[in-house]
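Protein sequences appear in the order of chains A and B.
Each step along the first sequence adds one to the number in the working numbering, with nothing skipped, and position 11 is 68.
Each step along the second sequence adds one to the number in the working numbering, with nothing skipped, and position 384 is 396.
Worksheet for the structure shown next.
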Amino acid sequence: MPPGAEFLHRPGGVERLRRDVAFHSVHGDEIAVDILSLFNLLLAFALAPLLPGIINRTKAAFAGRTGQPLLLPYFDIARLLRKGAVYSTTTTWLFRAGPVAGLAAPAAALTVIPALGQPALISFNGDIFLLACLLGMGRFFTILAALDTGSSFEGMGASRETLYAALAEPALLVGLAALAVVTGELSITGMFAGITGEVFARVVPVCALVAVALTLVFLAENSRIPFDDPATHLELTMVHEVMVLDHGGPDLGLIQYGAALKMWLLGSLVVGVIFPMTGGLYTTVVYVCAMFTMALGTGVVESIMARFKMPRVPQLLVAAGAASFLAVILAAR
Amino acid sequence: MKSRLTLRNAEAAPLKAIEPFGAGAFAERIQRDLKAGYRLISFFAHKASSHTTRLYAVIAYDDDGLIRVAATNVADSFESLTPDTPQAHLFEREIFEQTGIIPKGHPWRKPVRFIAAAPEEAGVMKFHRVEGAAIHEVAVGPVHAGIIEPGHFRFQCEGETVLHLEMALGYQHRGIERALKDGPDKRSIHYMETAAGDTTVGHATAWCQALESLAGVDISFRARAIREIALELERLANHVGDIGALAGDIGFLPTAAWCGRLRGDFLNMTAVLCGNRFGRGLIRPGGVAFDIAKPQVADILNRLDEAYEGLDTAVPMLFDSPSVLSRFEETGRLSIHHAVDLGLVGPAARACGIEHDVRKNFARRPEPSTRFTISTCNTGDVLARGMVRWLEIQRSIAYVRDRIRSLPDDATMRPMKALRPAHFTVSLVEGWRGEICHTVITGADGKLAACKVVDPSFHNWMGLAAAMRGQQISDFPLCNKSFNLSYCGHDL
Numbered sequence: 058m059p060p061g062a063e064f065l066h067r068p069g070g071v072e073r074l075r076r077d078v079a080f081h082s083v084h085g086d087e088i089a090v091d092i093l094s095l096f097n098l099l100l101a102f103a104l105a106p107l108l109p110g111i112i113n114r115t116k117a118a119f120a121g122r123t124g125q126p127l128l129l130p131y132f133d134i135a136r137l138l139r140k141g142a143v144y145s146t147t148t149t150w151l152f153r154a155g156p157v158a159g160l161a162a163p164a165a166a167l168t169v170i171p172a173l174g175q176p177a178l179i180s181f182n183g184d185i186f187l188l189a190c191l192l193g194m195g196r197f198f199t200i201l202a203a204l205d206t207g208s209s210f211e212g213m214g215a216s217r218e219t220l221y222a223a224l225a226e227p228a229l230l231v232g233l234a235a236l237a238v239v240t241g242e243l244s245i246t247g248m249f250a251g252i253t254g255e256v257f258a259r260v261v262p263v264c265a266l267v268a269v270a271l272t273l274v275f276l277a278e279n280s281r282i283p284f285d286d287p288a289t290h291l292e293l294t295m296v297h298e299v300m301v302l303d304h305g306g307p308d309l310g311l312i313q314y315g316a317a318l319k320m321w322l323l324g325s326l327v328v329g330v331i332f333p334m335t336g337g338l339y340t341t342v343v344y345v346c347a348m349f350t351m352a353l354g355t356g357v358v359e360s361i362m363a364r365f366k367m368p369r370v371p372q373l374l375v376a377a378g379a380a381s382f383l384a385v386i387l388a389a390r
Numbered sequence: 013m014k015s016r017l018t019l020r021n022a023e024a025a026p027l028k029a030i031e032p033f034g035a036g037a038f039a040e041r042i043q044r045d046l047k048a049g050y051r052l053i054s055f056f057a058h059k060a061s062s063h064t065t066r067l068y069a070v071i072a073y074d075d076d077g078l079i080r081v082a083a084t085n086v087a088d089s090f091e092s093l094t095p096d097t098p099q100a101h102l103f104e105r106e107i108f109e110q111t112g113i114i115p116k117g118h119p120w121r122k123p124v125r126f127i128a129a130a131p132e133e134a135g136v137m138k139f140h141r142v143e144g145a146a147i148h149e150v151a152v153g154p155v156h157a158g159i160i161e162p163g164h165f166r167f168q169c170e171g172e173t174v175l176h177l178e179m180a181l182g183y184q185h186r187g188i189e190r191a192l193k194d195g196p197d198k199r200s201i202h203y204m205e206t207a208a209g210d211t212t213v214g215h216a217t218a219w220c221q222a223l224e225s226l227a228g229v230d231i232s233f234r235a236r237a238i239r240e241i242a243l244e245l246e247r248l249a250n251h252v253g254d255i256g257a258l259a260g261d262i263g264f265l266p267t268a269a270w271c272g273r274l275r276g277d278f279l280n281m282t283a284v285l286c287g288n289r290f291g292r293g294l295i296r297p298g299g300v301a302f303d304i305a306k307p308q309v310a311d312i313l314n315r316l317d318e319a320y321e322g323l324d325t326a327v328p329m330l331f332d333s334p335s336v337l338s339r340f341e342e343t344g345r346l347s348i349h350h351a352v353d354l355g356l357v358g359p360a361a362r363a364c365g366i367e368h369d370v371r372k373n374f375a376r377r378p379e380p381s382t383r384f385t386i387s388t389c390n391t392g393d394v395l396a397r398g399m400v401r402w403l404e405i406q407r408s409i410a411y412v413r414d415r416i417r418s419l420p421d422d423a424t425m426r427p428m429k430a431l432r433p434a435h436f437t438v439s440l441v442e443g444w445r446g447e448i449c450h451t452v453i454t455g456a457d458g459k460l461a462a463c464k465v466v467d468p469s470f471h472n473w474m475g476l477a478a479a480m481r482g483q484q485i486s487d488f489p490l491c492n493k494s495f496n497l498s499y500c501g502h503d504l
């Protein structure tokens with residue numbers, strides 16, 4: 058038996074989870090499970106643009122403004138998709154590939170994220186690497202598209218994004234690895250199912266550390282304060298925003314939708330660690346509320362603190378990585 | 013023995029009182045003064061007749077409240093003062109660009125405003141370059157992301173660190189000094205009100221003081237008080253806006269939002285005075301065009317109280333936040349030595365610990381009853397520039413309250429007289445951005461023969477470039493905002 062494969066046959070693996078889910082569902086068969094998993098995915102696709110809407114409304118409330126309509130991100134995306142686009146003659150197909158990959162990557166990655174106590178649509182041992190690779194691929198193409206413009210601003214943004222990603226990725230992967238150690242599962246679905254029930258009470262310290270690390274990754278990857286300021290107009294201070302400055306129209310629409318999906322995805326991971334869920338309507342409500350609270354919290358953070366000086370950002374990301382490593386050590390103890 | 017002309021602020025003297033030095037003695041006198049810590053506040057060439065061009069150097073003696081003027085006649089070149097006294101460098105570049113007279117030994121005769129009639133070197137965009145495999149160059153502007161004025165910035169960077177920043181301005185050059193010649197006419201005051209749009213009261217006051225001194229007209233104390241109130245309201249609006257913008261640049265939402273609104277409240281107070289939020293139409297030669305009635309006094313006092321209440325919450329919140337302090341401290345630091353060498357003025361200079369303020373050093377006699385305290389900090393970083401503004405806001409509010417409660421009874425406007433021919437005057441005003449200096453010379457016909465307008469931005473842009481050395485390029489917008497200099501005030 059190859060190393061690691063024994064997890065496949067452990068009691069409490071994917072098989073047991075499927076039985077659990079079947080127990081909770083009305084029809085109790087395999088097809089029902091798949092439809093519910095699909096429902097999770099559709100829920101993400103439908104509700105993701107609400108998150109930036111909630112953040113902006115929260116910030117507006119703190120600033121004493123009425124703020125934009127909650128559904129504005131939807132209208133924005135729809136408006137952008139109807140527009141034409143202008144392409145610089147110095148750019149190549151890479152420039153157009155950036156936004157497509159920027160949307161495709163988080164959309165595909167959402168298929169391995171379990172939610173609502175349901176298994177993910179796709180789940181296999183080692184799918185955390187698929188998650189990391191998909192996110193990495195999306196970023197890779199965004200960076201290539203930025204470099205393709207030949208603009209010094211976008212080059213600087215790409216350089217910063219690469220540095221931050223190099224520090225955020227280990228924090229994410231090691232954090233999930235801590236869950237793998239705790240649960241003995243190698244798929245994300247298995248991990249999240251494994252920390253439910255009385256197990257959760259036992260692994261609270263690990264989950265807390267992982268939640269801290271994932272929250273920092275959530276803020277950094279979604280270019281929120283204190284890592285980045287999505288509201289700024291100052292190119293020299295931007296990290297992520299500056300890389301997509303030259304995209305307009307449908308491309309920008311794809312980028313904005315992709316960013317919303319990415320926020321939903323990383324938010325789901327945080328919520329999954331904090332509120333392990335077993336399924337049912339009750340779970341759906343808790344899950345959606347937790348996601349919105351996540352957005353609300355992001356808005357509050359952005360309202361009460363300034364963003365960091367750029368050289369301090371890597372320090373905070375390294376701290377997130379350290380929290381993840383500590384979680385692994387605690388889990389393996 | 014030849015001596016320099018000594019003046020007080022906004023005091024005119026006959027042109028013949030200025031006896032030109034020989035070239036050597038001129039340079040020597042100025043350098044001795046500048047090295048002793050006095051400041052070069054204006055330096056320009058005036059073509060007195062078809063065959064003589066005269067250089068005038070105006071030096072401020074802050075301690076005594078005196079202005080000394082030295083002059084020399086030049087043919088086609090003069091010995092540059094820049095190698096020993098850097099604060100002369102931009103003035104000399106300007107002289108070269110406008111007249112073609114070469115400052116010999118000047119290290120960097122790059123054009124200042126790229127004017128059309130410039131000698132051959134003008135118009136060439138050569139930038140200093142740092143060479144090396146790890147060096148990259150970043151060009152910003154002249155079209156910017158925000159709704160601001162045009163200007164070009166060229167950074168030489170090693171990674172995120174700025175090794176050198178060079179600016180190319182001049183996009184807003186409108187030829188204001190040329191247009192003022194042979195005046196004053198109906199347009200002159202409007203040129204001055206828009207020389208730098210956010211300093212309407214400052215420039216208009218400096219201009220009117222100059223004309224009044226040339227005409228020998230004393231304006232009423234009531235008019236002076238109203239001018240001072242308008243000047244402080246302009247300072248308040250801009251300082252409050254700047255603190256809000258500093259907060260906005262670092263993504264600190266509450267103060268950014270509050271100060272953005274409060275800035276409007278202060279602009280509205282100026283509108284209570286004269287119907288215009290920027291003070292246009294208020295200040296006119298001979299006095300002020302609008303009087304303050306009793307209900308307006310109560311209205312402004314009321315608005316001041318309300319605005320101060322808001323500020324007293326929003327601004328301390330900014331300076332008390334650890335995340336804000338970590339952004340402001342040590343960012344864009346400028347030493348007092350650099351600030352003195354470059355001849356910085358205004359809050360940027362006071363943030364480095366230079367105790368200089370026209371309102372104190374060049375207060376016009378008789379002085380107002382209120383004692384004036386100069387607001388300074390000593391760290392020279394973004395925090396200091398923000399803090400100086402906050403101190404000035406508090407003191408300005410107290411000052412306006414004081415002044416408006418005790419307005420002297422008098423006419424607001426006195427009739428202007430004809431300007432005395434062949435006279436010279438220097439008028440200084442502490443605008444919100446710093447010292448505004450207008451030097452005006454009348455010809456034999458009593459019309460304006462030469463006007464030299466120096467906006468504080470003219471002195472301070474180099475300070476920003478110096479402050480950026482060794483800083484993070486991502487901190488440039490923040491440093492830029494902490495200076496908040498005018499493009500059109502520089503370009504004229």
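Even glycine gets a Cβ: it sits at the ideal position worked out from N, Cα and C.
Values in this document were obtained by computation on a predicted structure and should not be read as measured data.
Could you name the residues of the same chain whose beta carbon sits closer than 7 angstroms to that of B/R426, not counting the 5 residues immediately before and after it, in chain order? Contacts found: V229, I231, S232, G298 and G299.
Are any of the Cβ atoms in chain B nearer than 9 angstroms to that of A/H304? no
Buried or exposed by the 16-neighbour rule on C-beta atoms within 10 Å, applied to B/E224: buried
Run the CB neighbour count on B/N390, radius 10 Å, all protein chains shown included, and call it buried at 16 or more, exposed below. exposed
When Cβ atoms are compared, which residues of the region 257-273 of chain B fall closer than 7 angstroms to chain A? Contacts with chain A (Cβ-Cβ distance below 7 angstroms) from the region 257-273 of chain B involve D261, I262, G263, F264, L265, P266 and A269, listed in chain order.
Can you tell me where the alpha helix (DSSP H) with A/K116 in it begins and where it stops? L107 to A120
DSSP state of B/D503, grouped into three classes? helix
Applying the criterion that 16 or more other CB atoms from any shown protein chain within 10 Å of the CB defines a buried residue, is B/I160 buried or exposed? exposed
Sorted by chain position, which residues of the same chain lie with C-beta nearer than 6 angstroms to A/A235's C-beta, five sequence neighbours on each side aside? V263, V267, A384, V385 and A388
Exposed or buried, what is B/W120 when buried is set at 16 or more other beta-carbons lying within 10 Å of its beta-carbon? exposed
Taking beta-carbon pairs under 8 angstroms, can you tell me which members of the region 102-122 of chain A lie near chain B? Answer in chain order: K116, F119, A120, G121 and R122.
Going by other Cβ atoms of all chains shown within 10 Å of its Cβ, with 16 needed for buried, is A/L127 buried or exposed? exposed
Pop quiz: A/L178 and A/S244 are said to be a contact at Cβ under 8 angstroms. What is the actual Cβ separation, rounded to whole angstroms? At roughly 12 angstroms, the Cβ-Cβ gap does not stay under 8 angstroms, so A/L178 and A/S244 are not in contact.
Indicate the three-state DSSP secondary structure (helix, strand or coil) for B/S387 in the structure shown. In this structure, DSSP gives B/S387 a state outside helix and strand, which the three-state scheme calls coil.
According to DSSP, is A/I386 helix, strand or coil? helix
My output table needs one value for B/R445: the three-state DSSP class, helix, strand or coil. coil
Three or more C-beta pairs closer than 8 angstroms, one from the region 86-103 of chain B and one from the region 165-182 of chain B: is that the case here? At 8 angstroms Cβ cutoff, the stretches do not touch.
Are A/I170 and A/L326 close, meaning C-beta to C-beta below 9 angstroms? yes
Which runs of the alpha helix (DSSP H) fall wholly inside the region 249-321 of chain A and span at least 4 residues, in chain order? 255-259 and 261-278
Can you check the region 47-85 of chain B for any beta strand (DSSP E) of at least 3 residues that lies completely inside it and give the ranges in chain order? 51-59 and 65-73
Would a C-beta distance cut-off of 9 angstroms place B/R20 and B/I79 closer than the cut-off? yes
Taking the alpha helix (DSSP H) that B/H251 falls in, what are its first and last residues? Residues F233 to D261.
Answer yes or no: does any C-beta atom of chain A fall closer than 9 angstroms to that of B/R51? no
What did DSSP end up calling B/H522 once you bin it into helix, strand or coil? Residue coverage of chain B in this structure runs from 13 to 504, which leaves residue 522 of chain B outside it and unanswerable.
Thinking C-beta only, is B/D261 closer than 9 angstroms to B/L490? yes
What does the alpha-carbon distance come out to for the pair A/L230 and A/T289? Rounded to the nearest angstrom, the two C-alpha atoms are 30 angstroms apart.
If you compare alpha carbons, which of A/G310, A/L322 and A/V269 is closest to A/L137? Checking every option, the nearest Cα to that of A/L137 belongs to A/G310.
Looking at A/M348 and A/L104, is the spacing between their C-beta atoms short of 9 angstroms? yes
Indicate whether the contact test is met: 3 or more Cβ pairs, each with one atom in the region 248-258 of chain A and one in the region 358-375 of chain A, closer than 8 angstroms. no
Rounded to a whole number of angstroms, what is the C-alpha to C-alpha distance between B/H505 and B/A24? Absent from the model: residue 505 of chain B. The displayed extent of chain B is 13 to 504, so no value can be given.
Taking 9 angstroms as the threshold (beta carbon to beta carbon), is A/I282 in contact with chain B? Residue-level contact by beta carbon holds for A/I282 and chain B, with a gap shorter than 9 angstroms.
What residues from the region 329-363 of chain B come within 7 angstroms of chain A, judged by C-beta to C-beta, listed N to C? S333, S335, V336, S338 and R339
Please tell me whether A/P438 and A/V358 are closer than 9 angstroms, where the distance is taken between their beta carbons. Shown here, chain A extends from 58 to 390; a query on residue 438 of chain A therefore has no answer.
So, do the region 183-195 of chain A and the region 131-149 of chain A have three or more beta carbon pairs nearer to each other than 8 angstroms? Under the three-pair Cβ rule at 8 angstroms, the region 183-195 of chain A does not count as touching the region 131-149 of chain A.
Does any C-beta atom of chain B lie closer than 9 angstroms to the C-beta of A/I88? For A/I88, the predicted model reports a pLDDT of 44, less than 50, meaning its position is unreliable and no value from the coordinates is stated.
So A/G225 and A/A277 are in contact, right, with Cβ under 8 angstroms, and what is the actual spacing, rounded? It should be noted that the sequence gives Ala, not Gly, for residue 225 of chain A. Contact between A/A225 and A/A277 holds: their C-beta atoms lie close to 5 angstroms from each other, under 8 angstroms.
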